[in-house]
Amino acid sequence: MSAITPINKIFNNNLSVYVVGLLLATLMLDYGFGSFSLVLLVFYSLFKFFTKNNKEVFFDYKLIFPVLLFLWFSLTYFWSIDKSLTLKGIGRISALFLVPFAFSFLPKFTRLEFFKILKAYTVVNFFLGIVFVITSLIRFLESRKLTEFTYHDLVSGFNLNAIYVSVFFSLSFFYLFLKPKKRIYEIVFLIFFLMMIVLLSSKTIIFCLLIGIIFIGWKKVKNRTPKLVEIVLTFLVICLIVLLATKEITKRVNEEFVINSDEKTNLLQVLEKDKFSQVYPWTGTSIRLFQLRLLKEQIETEHVFFNGFGLFASRIDLKKRHEQYGTYKGYHIYNYHNCYAQVLSETGIIGLLLFLFLLSSNIVFALKSNNLLFVFFSFVAPVWSFTESFLWVQRGIFFFIIFYCLFNRTEFYENKE
């Protein structure tokens, strides 16, 4: 047997499963690992294409939509108010083009290959979650503060954002939740991810989790799933609701949604106040609302509705307006924390329409696939967009575009999970 035969056998099989799996496994690691994995995916797809006898490009119109978004974002360079920032931004969002490009040279994934990738992704997430808990425990032994185990503090050792980690964990949770037969370790993983999502305290993702569980439960009851599964589903929903009633979650909800108060931040002040002190008690909801107020002013005075400031270039005007209102200087570098607002501000109404089309078409593709995990992903993306400008963050854009391509380039032969 030729020495080259085993190598050919590997490349002719499903090495793309491992390459895509590696890219997903690096989501929560240092940015350099993700960039290296993306380059590896592109080079592997080209290598596989040029070493095949039949050099076939697997054209799929679904992969065109994120590429169109990338092209429009890139075009804003020509009218950007800061071309250097826009050029930097084009590099940041290049995954919108590179990942669909790479997937176009790879054959569709089989259902088995798809779940191999999800299994690897979930195992990596579990062990990273264990690391998060251990590092929080170490800090707790020094500070004696239980908050070390909640929200951003839980993942602060890795400079991660609690909402992003919640999104990543939620997909692993539903991958396990939807498995018809679960091993003991998978049940342990499932409970662990549920606990981690609650501790991370993202109201948006917890809401998505609840809706997802209820929807899946309804689907299974409708399809006359065995009674035991219905009982387990109901039990998990009850457990989740009980966990949500913890002191930390209740406290955060009460702090976020204050309509009018002299002691705390309140939504009326955020919309009307002319000047804010450096120590004004902002919350996640109020600062996002204030950013929308600034966007309204930008549309009225800077006329950015049609073209936008240019990709990544809105931060200049945002900083100027924050300085005028006297907000804490740490907020002067904040983006909108709202993908819809960010897209409109920097790329205009055409960019926003293209983004909405991408999200809505993904929902249509998910419903047609009849894959409940795909449906959950397509539902999370537009909801997540209300609280984070995830396309402006490498981890966010990698997560979205990789799973977008993976779900849309998988052949789900069966019509049920």
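Taking the working numbering, the leading residue of the sequence shown gets -12, the next gets one more, and so forth.
Ideal placement from N, C-alpha and C gives every residue a C-beta, glycine not left out.
Computed from a predicted model, the values in this text were never measured in an experiment.
Give every residue of the same chain whose Cβ lies closer than 6 Å to the Cβ of residue i, excluding the five residues on either side of it in the sequence, and list them in chain order.
| i | result |
| --- | --- |
| Gln265 | Tyr315 |
| Phe101 | Thr397 |
| Lys306 | His319 |
| Gly338 | Trp59 and Val330 |
| Val367 | Cys195 |
| Ser24 | Leu9, Leu10 and Thr13 |
| Phe294 | Note on identity: in this sequence residue 294 is Asn, with Phe being the wrong assignment. The answer, listed in chain order, is Trp66 and Gly335. |
| Ile77 | Ser61 |
| Tyr18 | Gln381 |
| Arg308 | Leu281 |
| Val257 | Ser273, Leu276 and Phe277 |
Among all the DSSP beta bridges, which residues are the ones paired with residue i?
| i | result |
| --- | --- |
| Glu398 | Thr97 |
Could you work out which residue in the options is closest to residue i when comparing CA atoms only?
| i | options | result |
| --- | --- | --- |
| Phe202 | Leu360, Val380 and Ser32 | Leu360 |
| Phe57 | Glu398, Phe342 and Ser348 | Phe342 |
| Ser365 | Phe387, Val380 and Trp66 | Phe387 |
| Tyr138 | Arg131, Met182 and Lys95 | Met182 |
| Ile320 | Leu331, Ser301 and Thr270 | Ser301 |
| Val380 | Phe390, Phe344, Phe299 and Ile350 | Phe299 |
| Ser153 | Ser123, Leu186, Glu135 and Tyr162 | Leu186 |
| Thr270 | Leu254, Leu72 and Ser130 | Leu254 |
| Pro94 | Phe60, Asn112, Leu74 and Lys35 | Lys35 |
| Phe37 | Asp69, Ser81, Phe92 and Tyr18 | Phe92 |
| Asn344 | Asn358, Leu55 and Ser24 | Rather than Asn, the amino acid found at residue 344 in this sequence is Phe. The residue with the shortest Cα to Cα distance from Phe344 is Leu55. |
| Ile336 | Phe292, Val175, Arg79 and Asn358 | Phe292 |
| Gly8 | Tyr18, Lys39, Lys103 and Leu99 | Lys103 |
| Val175 | Pro167, Ile184 and Leu163 | Leu163 |
| Leu115 | Lys70, Thr97, Lys166 and Phe180 | Phe180 |
| Leu83 | Val29, Lys39, Tyr312 and Glu173 | Val29 |
| Arg79 | Lys206, Thr97, Leu378 and Asp69 | Leu378 |
| Gly313 | Arg280, Asp261, Glu173 and Phe46 | Asp261 |
| Val370 | Glu287, Asp69, Phe263 and Tyr151 | Tyr151 |
| Gly204 | Leu128, Ile184 and Leu165 | Leu165 |
| Gln311 | Ile184, Ile178, Leu197 and Phe263 | Phe263 |
Could you pull out every residue in the same chain whose Cβ sits closer than 7 Å to the Cβ of residue i, ignoring the five residues on either side in sequence?
| i | result |
| --- | --- |
| Leu147 | Met15 |
| Asp304 | Gln285, Glu289 and Phe296 |
| Tyr323 | Gln278, Leu282, Gln329, Ser332 and Ser376 |
| Tyr391 | Pro53 and Asn349 |
| Leu354 | Val362 |
| Thr97 | Glu398 |
| Arg126 | Glu135 |
| Phe352 | Lys49 and Asn395 |
| Asn112 | Phe155, Phe156 and Ser159 |
| Leu33 | Phe92 |
Might you give, ordered along the chain, the residues of its own chain that have their beta carbon closer than 8 Å to the beta carbon of residue i, omitting 5 neighbours on each side?
| i | result |
| --- | --- |
| Phe373 | Thr191, Asn325, Cys326 and Tyr327 |
| Ser(-11) | Caution is warranted here: a pLDDT of 49 is assigned to Ser(-11), below 50, making its placement in the model unreliable, and the coordinate value is therefore given only provisionally. Answer for Ser(-11): no residue qualifies. |
| Gly21 | Leu10, Thr13, Leu14, Gln381, Arg382 and Phe385 |
| Ser123 | Glu135, Phe136, Asp140, Leu141 and Gly144 |
| Leu74 | Tyr64 |
| Ala149 | Tyr138, His139, Leu141, Val142, Leu187, Ser188 and Ser189 |
| Leu177 | Phe160, Leu163, Phe164 and Lys169 |
From the beta carbon of residue i, is the nearest beta carbon of chain C less than 9 Å away?
| i | result |
| --- | --- |
| Val54 | Judged by its chain identifiers, the structure shown contains no chain C, having just a single protein chain. |
Can at least three beta-carbon pairs, one atom from the segment 106 to 114 and one from the segment 152 to 164, be found at a separation below 8 Å?
-> yes
Count the C-beta pairs between the segment 112 to 121 and the segment 142 to 156 that are closer than 8 Å, then say yes if the count reaches three, no if not.
-> They touch, by the three-pair rule.
Could you tell me whether the segment 76 to 96 touches the segment 49 to 60, using the rule of 3 or more Cβ pairs below 8 Å?
-> yes
Unbroken beta strand (DSSP E) runs of length 3 or more, entirely within the segment 312 to 346: which are they?
-> none
For the segment 7 to 85, which segments carrying the alpha helix (DSSP H) assignment without a break, of at least 4 residues, lie completely within its bounds, in sequence order?
-> 18 to 37, 51 to 62 and 70 to 79
Report yes or no: do three or more beta-carbon pairs, one from the segment 57 to 67 and one from the segment 0 to 14, lie closer than 8 Å?
-> no
Going along the chain, which unbroken runs of the alpha helix (DSSP H) with 4 or more residues stay wholly within the segment 119 to 184?
-> You should have 138 to 141 and 149 to 164.
Secondary structure, alpha helix (DSSP H): runs of 4+ residues fully inside the segment 355 to 387 | 359 to 371
Alpha helix (DSSP H) runs contained entirely in the segment 266 to 319, provided each spans 4 or more residues | 271 to 289 and 301 to 312
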